[in-house]
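Student:
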Amino acid sequence: MRDLFASQDAPRVYATPLGVDFCAALVEGLDRMLAGQPPEAIAHVDLYVANARMERRLRTLYMARGAGFLPRIRPVQALGDQADLAGLPAAIPPLRLRLELVQLIGKLLDNQPELAPRSALYDLADSLADLMGEMFEEDVRPETIAGLDVAEHATHWQRAQAFLELVTHYLKDDAALTREARQTRIVALLARQWQGQPPRHPVIVAGSTGSRGATAQLMEAVARLPQGAVVLPGIDRDLPQDIWARLLEGRREGLDGEDHPQFRLAKFAEKLGLDPWAIPDWPGSERPRGGRGAVISLALRPAPVTDQWLKEGPKLTGLEEAFAGVTWLEAPNPQAEAAAIALRLREAVDKGQRAAVIASDRTLTRQVTAALARWNILPDDSAGQPLSLSAPGRFLRHVAELEATPLDPEALAVILKHPLCHSGGDRNDHLLRARDLEVQVLRARPGLPSRARLVDWAEGRKEDPGAMGWVTWLADTLLVAPRPEPMAMELRVAHHKARAERLAAGSLAEGSGELYDKEPGEAAHKLMTDLGAEAGVGGPIGATDYRDLFTALTRDREVRQPLFPHADILIWGTQEARVQGADLIILAGLNEGGWPAAPPADPWLNRSLRAAAGLRLPDRVIGLAAHDFQQGIAAPEVWLTRAKRDAETDTVPSRWLNRLHNLLTGSGEAAKAALAGMEARGAAYLALAERLLTPEADVAFAPRPAPQPPAHARPKTLSVTDVEVLIRDPYAIYARRVLGLRKLDPLRGDADARARGTVLHKVMEKFVRDTQAGLPDRATALAQLMALTDAVLAEEAPWPAARRLWRARMARVAEFFLSTEAERRSLGAPEILETLGEWAVPGTGVTLRGKGDRIDRLEDGRLAIYDYKTGTPPDAKEEKQFAKQLWLMALMAEGGSFGLPPGQIVGHAAYIGLGASPVVLGHDVDRAELAEVAAAFRRRLLHMAAPESGFPSRRAVKTTRFAGDFDQLARYGEWDETQAPELIPVGRTGDDGDG
């Protein structure tokens, strides 16, 4: 083939102006240069591009043209993986390097635990690997880091040097090569080789700004080749020559920041001795028409020269035409922003436009995706999903957790109900058994079931012949004691993989079920394979450390879901503005902290130490983001969107939006009119979004239910505690006693008030029973009470923190209890403790049941009823209206319950409150008042039994901020307490009433 480029002495550098589709322009320029040459000539072109995204985009453009030859397209970073003639060994796999660093940092933390918490082990290994890579790319020697003067800096930076010394051997010339080190060596070898024997075919580096040292070195070497060229993306042709010249002033040491969008291009041009102003355009990359680029260039001028706005701003012309394709949208919240964006994307589908949303806020892009689902539009999201959030990733993480912590009922249920568990076959029977096991075993009794208990459960399933085999599989794979102690990583990985595969296969199948199916499964399989291959360098590792390591590895790998998105509705990351093109570009989430994102924290070197060492500064990230923004806003049609408020607080507009707004506001009436036009277009779509989010018609409140079951279905039995519920929330009694529903017990028992009450009652019962013959002296009684407390807590409270807390509470109230107990013993003797009783309430057909905490026989033969409370006992007003417990217990005792003969007389009743403020609230039982309570109780039961009465929801709840057990069944929230209950007949033949 003929030479592609004419001979010249100066380095050969081209650039594409802002607003140009870089990849399309690159293809067009190559076509023009190769015009008249044979078709195979393009196959001789080596084309190094900035990243894999650009490679995919170029291949897509070439394939869209039909059959033909392509240039040899490779990402610049792939140089580190290719073979070479110099005999360089292969690079250390990143996973192996990470494992080696984990070992080194772990040993250092074991010897010096004050340096960092062990929980930071894997994050430190990652950031240390990144720092090593940066040192290779920027050619910073370890001696430079070791020689930094940290005397005037915080102790933190002095400690950082202890970590940096760990990796010194990786940075030596004869050390094993990391990927970055190998790429740096290859680039240096290529540069030397090309000096003596330059390639005769064209070599082009395209799309990179040279922000990394090794990449910049490659670009410089290529630019000096006889048939080499560098193509820079997005050069600002409106930036005056004197600003280009001053762009690097005061920044040569990097101390003044690198946040200007053109700084990297200026720095690379200076490195080659070129004037950025004189860099020619790449053929086929004509500058878009209109003057928008001049306005954006002026708005983004370096801070020291923004006074030029006052002089040049009023001279700007053609602003209305320049910004005719720009929409400025400031939404009140992210939901409105996402709805407006979705409306414009829906419009783009109708018009046949290719539209792209560019945002760094993943929450916002998910909201846009959700809004598009209204029209069954699934955007093509370039960002994958972390493997940790995929089904195989979650499943493998759950299995890794089993080795680190003892299995509990909640973890067992999570594993069994995971979609990949038992996916090898017989999945429906597995789900049925897992559901029954959860309800009948896991929630029925606290703690993890034993193998024997599972076998008993399986034997009881007479119509399920596969239950025993299923239980055996479950016990063999899950009821295995964890092995938290350190063991060789090879064994740890092998055991993890084997256990996960057996759980995924199920009780009847071999293999691994669907664990490794589809793209997420393939990624999970590759991770397990890679981890097994490199486990030899991991050393002994405990189960907890392995779990944390595996979780971190799954977060680092991304997978694409096998879906079929819309080809022309796209969601991109901010970097893709450099290499992609679309008819409509939406720059979304333009708030400070989002775009641009805050520079990441550096645990090793602060800003001034980085500058002294010659490493990249944090401002580089902002400068690259500014370049992405400048390229995106130059598109023919562009939206600029932000939300004024996020979920928590008011937001601050992106610095670039602020600059543009301030420039247009102060540049005369024409500029203000152009800004007003942009905002008006945004306001129109916001109005549409508001209409979209507003219901077409007000939805009437749901009725406040008061179901009316037939007489035969109404409750015939109530507990004493049901009575207060019947008064406060009759609907709960309907759900519990008529429908037979109950709240499921939690899988993992909590240290709640109910559990604490159980403990207190058992302690009181044992103490009173043991001292029924008489109280010992105070010291002995106190010791006996605390010993019983310890015994009951050990048996009933499997929560170490709760045990200590509850014991301390008992210790605080022990003296109070013993002193008041002496008074109670002086009045009578305990006779009945924790005894169940029932009473057929005369004339009602209802039986009342309850457990008497304690009934004493007074000296005059009457009875005293006591009830223990861990909280605050009800006061007199509450007792009169709602809390009838003591009065009802008195009626039951006098009616012959609790094993007492009929005709007993209750003379005294009291609550013994043993909460934070211990108190005894008691009173003598007035016969007339007791008769009044009995009559009122009978009336309430007769009203409950009457077919014309209902069971209204939340009639008089004690605290409205707490949800009831059956509020969701009653559809609470679709109505409120201000509505009158509506009687709803239910349970009648031919009736369709709501239950």
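Numbering (this note's numbering), first residue to last: 9 to 1003.
All C-beta atoms, glycine included, are put in the ideal place defined by N, C-alpha and C.
(1) Would you tell me roughly how many angstroms separate the C-alpha atoms of Leu922 and Asp875, rounded to the nearest one?
(2) If we count the other Cβ atoms within 10 Å of its Cβ and call it buried at 16 or more, is Leu595 buried or exposed?
(3) Return the first residue and the last residue of the alpha helix (DSSP H) that Leu12 is part of.
(4) Since Gln893 is in the alpha helix (DSSP H), which residue starts that stretch and which ends it?
(5) So, helix, strand or coil for Ile349, using DSSP?
(6) For Ser827, name the three-state secondary structure that DSSP assigns.
(7) Nearest to His268 by alpha carbon, out of Leu308, Gly301 and Arg295?
(8) Report buried or exposed for Val941, applying the criterion of at least 16 other Cβ atoms within 10 angstroms of its Cβ.
(9) Use the C-beta contact count for Ser520: other C-beta atoms within 10 angstroms, 16 or more gives buried, fewer gives exposed.
(10) Which residues does DSSP list as the beta-bridge partners of Ala605?
(11) Can you tell me which residues form a DSSP beta bridge with Glu645?
(12) Helix, strand or coil, according to DSSP, for Pro121 in the structure here?
(13) So, at 6 Å on beta carbons, what are the nonlocal neighbours of Gly930 in its own chain, with the 5 sequence-adjacent residues on each side left out?
(14) For a minimum of 3 consecutive residues, which ranges assigned as the beta strand (DSSP E) are wholly contained in the segment 651-730?
(15) From which residue to which residue does the alpha helix (DSSP H) around His931 run?
(16) Tell me which residues share the same chain as Ser396 and place their Cβ nearer than 6 Å to its Cβ, disregarding the 5 neighbours each side in the sequence.
(17) Is the segment 126-143 touching the segment 104-112, taking contact as three or more C-beta pairs under 8 Å?
(18) Taking Ala3 as part of the beta strand (DSSP E), name the residues at either end of that continuous run.
(19) Assuming His533 is part of the alpha helix (DSSP H), what are its boundary residues?
(20) Is the segment 58-72 touching the segment 208-226 in the sense that three or more CB pairs, one from each, lie closer than 8 Å?
(21) With a threshold of 7 Å on Cβ separation, who are the neighbours of Gly544 within its own chain once the five nearest residues in sequence on each side are excluded?
(22) With DSSP run on the structure shown, which of helix, strand or coil describes Gly455?
(23) Pick out whichever of Leu87, Asp553, Ala560 and Leu592 has its Cα sitting closest to the Cα of Leu535.
(24) For the alpha helix (DSSP H) that contains Val501, what are its first and last residues?
(25) Mind checking who Lys859 pairs with in its DSSP beta bridge?
(26) Among Asn599, Gln912, Leu908 and Ala830, which residue has its Cα nearest to the Cα of Asp868?
(27) Can you find at least 3 beta carbon pairs, one from the segment 979-999 and one from the segment 705-723, that sit closer than 8 Å?
(28) Which partner residues of Arg82 appear in the DSSP bridge assignment?
(29) Within 10 angstroms of the Cβ of Ser961, are there 16 or more other Cβ atoms? Answer buried if so, exposed if not.
(30) Please say whether Glu600 and Ser662 have beta carbons closer to each other than 7 Å?
(31) For Ala1, collect the residues of the same chain with a Cβ closer than 7 Å to its Cβ; drop the 5 residues on either side in sequence, then sort them by chain order.
(32) Measuring alpha carbon to alpha carbon, tell me which of Gly676, Thr335, Glu418 and Ala58 ends up nearest Val447.
(33) For Val827, does the count of other Cβ atoms within 10 angstroms reach 16, so buried, or fall short, so exposed?
(34) Please give the ranges of any alpha helix (DSSP H) in the segment 409-458, keeping only runs that are unbroken, at least 4 residues long and fully inside the region.
(35) Count the other CB atoms, across all protein chains shown, that sit within 10 Å of the CB of Leu263; report buried if there are 16 or more and exposed otherwise.
(36) Determine the contact status of Leu617 and Leu174, defining contact as a CB-CB distance below 7 Å.
Tutor: To lay it out plainly:
(1) Locating residue 922 in the sequence shown gives position 914, where the first residue counts as 1. Locating residue 875 in the sequence shown gives position 867, where the first residue counts as 1. Spanning the two alpha carbons is a distance of roughly 11 Å.
(2) The sequence position of residue 595 within the sequence shown is 587, counting from 1. It counts as buried.
(3) As a position in the sequence shown, residue 12 is number 4, starting the count at 1. Counting along the chain, Leu12 falls outside any alpha helix (DSSP H), and DSSP gives it neither H nor E.
(4) Along the sequence shown, one-based indexing puts residue 893 at 885. Its alpha helix (DSSP H) spans residues Gln893 to Glu902.
(5) Walking along the sequence shown from the start, residue 349 turns up at place 341. Residue state, collapsed to three classes: helix.
(6) Taking the first residue of the sequence shown as 1, we reach residue 827 at position 819. Here Ser827 sits in helix by DSSP.
(7) One-based indexing of the sequence shown puts residue 268 at position 260. Of the listed residues, the one whose Cα sits closest to His268 is Leu308.
(8) The residue labelled residue 941 in the question sits at position 933 within the sequence shown. Val941 comes out buried.
(9) As a position in the sequence shown, residue 520 is number 512, starting the count at 1. Burial call: buried.
(10) Counting from one through the sequence shown, the residue named residue 605 turns up at place 597. BP columns for Ala605 point to Gly601 and Gly602.
(11) If you number the sequence shown from 1, residue 645 lands on position 637. Bridge partners of Glu645: Leu592.
(12) Translated into the one-based positions of the sequence shown, residue 121 becomes position 113. In the structure shown, Pro121 sits in coil (DSSP, three-state: anything other than H, G, I, E or B).
(13) Stepping through the sequence shown from its first residue, residue 930 is reached at position 922. Counting only Cβ-Cβ distances below 6 Å, and skipping sequence neighbours, we find Ala918.
(14) Correct list: 712-716 and 725-727.
(15) Within the sequence shown, the letter at position 923 stands for residue 931. Careful: His931 lies outside any alpha helix (DSSP H), inside the beta strand (DSSP E) at Val927 to Asp932.
(16) Counted from its first residue, the sequence shown places residue 396 at position 388. Result list for Ser396: Thr562 and Arg563, in chain order.
(17) Of all C-beta pairs linking the segment 126-143 to the segment 104-112, three or more are shorter than 8 Å, placing the two stretches in contact.
(18) One cannot answer for residue 3 here, as it falls past the ends of the chain, which runs 9 to 1003.
(19) Within the sequence shown, numbered from 1, the residue matching residue 533 stands at position 525. His533 -> alpha helix (DSSP H) spans Lys526 to Glu542.
(20) yes
(21) Mapped onto the sequence shown, residue 544 falls at position 536. The answer, listed in chain order, is Glu498.
(22) The residue given as residue 455 occupies position 447 in the sequence shown. Three-state DSSP puts Gly455 in coil, outside helix and strand.
(23) Along the sequence shown, one-based indexing puts residue 535 at 527. Nearest C-alpha to Leu535 among Leu87, Asp553, Ala560 and Leu592: Ala560.
(24) Stepping through the sequence shown from its first residue, residue 501 is reached at position 493. Counting along the chain, the alpha helix (DSSP H) containing Val501 begins and ends at Met497 to Ala513.
(25) For the purposes of this step, residue 859 is identified with residue 851 of the sequence shown, where counting begins at 1. Partner(s): Leu844.
(26) Counted from its first residue, the sequence shown places residue 868 at position 860. Considering only alpha carbons, the answer is Gln912.
(27) yes
(28) Position 74 of the sequence shown holds residue 82. Answer is Tyr56, bridged to Arg82.
(29) Within the sequence shown, the letter at position 953 stands for residue 961. So Ser961 counts as buried.
(30) Taking the sequence shown and counting its residues from 1, one reaches residue 662 at position 654. Taking the sequence shown and counting its residues from 1, one reaches residue 600 at position 592. Yes, they are a contact pair.
(31) Examination of residue 1 is not possible in this model, given that the chain is present from 9 through 1003 alone.
(32) Numbered from its first residue, the sequence shown carries residue 447 at position 439. Checked all of Gly676, Thr335, Glu418 and Ala58; the closest Cα to Val447 is Glu418.
(33) Looking up residue 827 in the sequence shown gives position 819. Residue 827 is actually Ser in this sequence, not Val. Counting of Cβ neighbours within 10 angstroms places Ser827 among the exposed residues, the total staying below 16.
(34) 417-425 and 435-445
(35) For the purposes of this step, residue 263 is taken as the residue at position 255 of the sequence shown. Per-residue confidence for Leu263 stands at a pLDDT of 35, beneath the threshold of 50, marking its modelled position as unreliable; the derived number appears in the next sentence. So Leu263 counts as exposed.
(36) As a working note, residue 617 is residue 609 in the sequence shown. As a working note, residue 174 is residue 166 in the sequence shown. Going by C-beta atoms, Leu617 is not nearer than 7 Å to Leu174.
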